[in-house]
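To convert a position in the sequence shown, counted from 1, into our numbering, add 7.
All residues carry an ideal CB built from backbone N, CA and C; glycine is no exception.
If you're wondering where the values come from, they're calculated on a predicted model, not measured in any experiment.
Report on one structure; see the data block that follows.
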Amino acid sequence: MANGVDEDIGGFRFGPFRLAVSERLLTKDGAPIELGGRALDILIALVTAPNEIISKKDLMAQVWPDALVEEGSLRFHMTGLRKALGDGQAGARYITTVPGRGYCFVAPVSLAPAERNGPSAATPHFPHANLPPRLGRMIGRDVDVMKLAAQLTDSRFVTIVGPGGVGKTTVAISAAHQVAEDFAGHVLFVDFSVITDPGLAATTIASMLGLSVQAEDPTPDLIRFLRDKRFLLVLDTCEHLVEAIAALVETILEAAPEVHVLATSREALRIEGERIYRLDALAYPPETPGFSVSAIEQFPATQLFIERAMANGAHLDVSDAEAAIVSDICRKLDGVALAIELAARRVEAYGLEQTAALLDQRLTLLWHGLRTAPPRQQTLQATLDWSYSLLSDLERAVLRRLAVFVGHFTLDAALEVVTNDTLDRAAVFAAIDSLVEKSMVAARPLGAMMRYRLLDTTRAYAIDLCTDTAEWTELSGRHAAYFRRWLEQNGSEWSTLSTANERAPHFAAINNVRAALDWCFGDTGDRQIGIGLAAAAAPVSRAMGLLPECHRWTERALQALDETTRGGSEEMQLQASLGVSMMFTRGHHEATVAALNRSFEIAQMRGDYLNAVRLIGPIYFYHLRSGEQRQCLLQAKRCAEIAATLGDPAATALSHTLMGVSLCVMGGLANARVELETVLEPDNPPASRQIHYGFDHYSWAGIGWVTALWLQGHTAQMRDAIDEAVGEAEAMRHPVAFAIVINAVAALLWVGDLDLAEEHLDWFVARAETHSTGPYLHMGNAFKAELSIRRGDVETGVATLQRHLEKLHAARFELFSIRFNIVIATALAESGGFAEAWSLAEETSQGIEEKGYTSYLPELLRLRGAILLSAPELSNMSAEDYFTQSLQLARIQGAKAWEIRTATDLATHWAGRERAGDAKALLRPVYDSFTEGRDTPDLKAAAEVLARLG
């Protein structure tokens, strides 16, 4: 973006911030602030023109000079920028919106002196960064790393292609570290070696980025997340998923212009724009007589062999004769780094000459057996075969059995799964320790625990050796049973994990669970174990946002139930998880509530009342989203009855939440606040906030609280509650974040805070697009249409709102249908469409009667009265009759928000009928009862009427 800023200027200072334009860096009190590229461009444009109004059109032209974008994109990035600056917090004000004109940077700005020879700025924090550390010393690859770093700068997609064991991953990691600063630390390392299903390629990346996966193909979600970010994806071990990854990378590169990809594979992905970097084996000495010690020091293959051998305890004083042996070994291993390391680690035990002799024998035998295999695979396979021959019988047995694990595993898992009648825990422990020493098993810390894994080639080799079907079946069953127990014991931790590093130790468990489920429901698997494993995995899938997988596995497990397993705790868990996953991925269908009700029925039949009361949460939520408020009240009463017998803090809090929300939407505001205050009491024990079956009752109590504050006329308190709730919601990965934000938008629109509502609405729509949540996206667009109506674009707004309301009807998502009908009817009446408005008002009245959403009834009665003032022929009742009913009901409900609107309309009507005294007597006490919110449109209108009345 051209901004005309002098590169020699150190930057700009405002408040605690320093903006270094040339470095594209924003710091606060010296600490870097993470800010997206577009948001930073917006900030630079505004700061370099302080106190000047920049139109939205000009701002978009500066930030997106080569693209056509809608204002929604600008608003979305502006919202993120304001949040990063803390705009509006503690009295700080930086950017103001000038209605109809644009934006203006209003904080005092000063030039900052250039910082010469100072320390480099820290890389902005990226919570999902997980690039493994590079080797302390890497032999023979410096040139490769430099070339790759240059290629990654010039090209957006580079694939390192080479044979297995050549060092592709090591070089890729080092190259990624080399260029990490160019991407501000936004580097994600994805190990595909543990993924066997091509359909999980995009899911794996999305999950590691903390995205909630709610569709079978999360690629659109991933694209929405990446499309405006400068990012480096390192995709490791792609060859077995090459077609799926090729298609995914092609889509990412096309849609996300700032994303670069570094892949490793045994074959090229063969897509447009791919730049292939052939990683050859390490150079080794030619077969020349009389090779000297000084000569072998010039070749990285021999350097690696000597260094690794000595690092593992070998005492080498290399003579010219030994130099020839080392050279010969490296030539036979074709310079393949993995094979060289495996051989070098044997020198301490067997000596250099014996190592060469053993290597010679095994390689010769194997070459004759695998003439059809590629030469490099022959060499690596031969090395593995040779290494395996040097193991004891115990080590071989343990290695074969460890192959059941996919990716990393813990020592505890190995001791539980690998042991059997002939292998006790002590023997397995000793064998694993020995296998690590012999480099047949890799070990490294991951999180707070040491993790182990078989290298891909070693695992494939070991699986080929497992020819005993009975043994493999027994082993797979133990593997599945272990991870079922692990999930039951540790599954509750998943909802607290937010960064890639925190989740990393658990991703291996998910991959092992997937492998176990595949086996359980395969031809030779154990479906009974699979049913239990799927039931245990379902809560974790929900917590990690893997809802399509949750739906798929629970459905398969339910199909596998028989007469002996139906009606048990496992079916209860499976039906609940199926219902919850369907609610968020498939919408409101009969099958959804049928699954939830079946789960509740089983809990009751089993006398499991704790789970029964927990299950009422998602059942209530289903009816709430369907607009069935009378059903919601029945569920709330049922929940209260059961919770009263349990003494469980979370169950009690849930019952108060459900009753509070129901009372709020049905007009019992005073009692609703009592119920909700009980839940929101800060001294409540943490156990009262536990989430079960995906229903976050604590957040829903906050949602009801905001609604109650608005309806009771506590506007300032409502805004404070919204600020706190929305701030927490934007950091959530739970679907309740949508409910929190859209409820805030609904309240803000009623009190006329249109700009703030628009900011939150932009976040909501962007998040809905990212997570492919169709009903939420239609809801967001419906509220955008309401915003247009309130800003005066009635014709377009009504048409758009009606269109999205139809889509919400089709999805059976009726939570805001009454509200939207009232908004449309009001707009129609104000445009002169009285008959159409009256018809819609009558239809809405019937809907309230059927569904029980009575909190809106005072406003609907007011609207009908207002229509009759202009079209009295539409009803036998008078406008005053409707106004009077509205006032009476608003007072019964304690809904001052509705009372002031009706009192203002009726007072205005009376004033025109020469009843000024009655009008003033009606309106003045209602207006004076408000202690806050005098800046809202409704109270301003009331004040104007009172001023005219004198």
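Selection Asp198, Leu255 and Cys245 evaluated against Pro225 yields Leu255 as nearest (Cα-Cα). For Ser200, no beta strand (DSSP E) segment is defined, and its DSSP state is neither H nor E. Note on geometry: alpha-carbon atoms of Met590 and Arg285 lie some 48 Å from one another. Secondary structure in the segment 793-859: the alpha helix (DSSP H) runs of 4 residues or longer, each lying completely within the stretch, are 801-817, 824-837 and 841-858 in chain order. For Tyr629, the enclosing alpha helix (DSSP H) stretches over residues Tyr616 to Arg632.
Contact between Thr714 and Glu939 does not hold, since the beta-carbon distance rounds to 16 Å and is not under 8 Å. Distances from the CA of Asp65 to each of Met153, Gly109, Pro39 and Gly37 were compared; the closest alpha carbon is that of Gly109.
For the pair Ala438 and Leu461, the CB atoms are not nearer than the 9 Å cut-off. Taking the C-beta atoms as reference points, Ala657 is found nearer than 9 Å to His704. When secondary structure is reduced to three states using DSSP, Ser584 falls in the helix class.
With 16 or more neighbouring CB atoms inside 10 Å of its own CB, Val520 falls in the buried class. Short of 8 Å from the beta carbon of Phe133, and not among the five residues preceding or following it, lie these beta carbons of its own chain, in chain order: Glu41, Ala191, Gly192, His193 and Val194. Taking the CA atoms as reference points, Glu329 sits about 43 Å from Val249. Beta-carbon to beta-carbon, Gly709 and Ile747 are separated by about 7 Å, close enough to satisfy the 8 Å threshold. Counting C-beta atoms within 10 angstroms of its own C-beta, His486 has 16 or more neighbours from the protein chains shown and is therefore classed as buried. By the neighbour-count criterion, in which a residue is buried when 16 or more other Cβ atoms sit within 10 angstroms of its Cβ, Thr659 is buried. Its Cα nearest to that of Lys339, the residue Ala290 stands out among Phe196, Ala650 and Ala290. Non-local C-beta neighbours of Gly206 in its own chain, meaning closer than 6 Å and more than five positions away in sequence, are absent. In terms of Cβ geometry, Ala744 and Ala764 do not form a close pair [threshold 9 Å]. Glu766 counts as buried, since no fewer than 16 other beta carbons sit within 10 angstroms of its beta carbon. Straight through space, the alpha carbons of Cys671 and Thr861 are spaced by roughly 9 Å.
DSSP places Arg492 within a helical segment (H, G or I) once states are collapsed to three. Per DSSP, the unbroken beta strand (DSSP E) holding Leu240 starts and ends at Phe238 to Asp243. According to the DSSP assignment, Ile283 belongs to the beta strand (DSSP E) that extends over Arg282 to Arg285. Contact between Ala253 and Leu229 fails: their C-beta atoms lie close to 15 Å from each other, not under 8 Å. About 7 Å separates the beta carbons of Phe312 and Ile336, which is inside the 8 Å limit, making them a contact pair. Taken in chain order, the complete alpha helix (DSSP H) segments of 4 residues or longer contained in the segment 530-605 are 534-550, 554-566 and 576-592. For Leu422, the enclosing alpha helix (DSSP H) begins and ends at Leu418 to Val425. In this structure, DSSP gives Leu33 an extended state, which the three-state scheme calls strand. Ile907 sits in a helix when the DSSP states are folded into three classes. Leaving aside the five residues that flank Arg45 on each side, the residues in its chain whose CB is nearer than 7 Å to its CB run, in chain order, Val70, His84 and Asp235. Residue pairing by DSSP places Val105 opposite Gly109 in a beta bridge. In this chain, Met456 is not harboured by any alpha helix (DSSP H); it is covered by the beta strand (DSSP E) spanning Met456 to Arg460.
Between Met67 and Leu81, the gap from beta carbon to beta carbon is short of 9 Å. A distance below 6 Å between beta-carbons, with the five flanking residues on each side excluded, links His811 to the following residues of its chain, in chain order: His785, Asn788 and Ala789.
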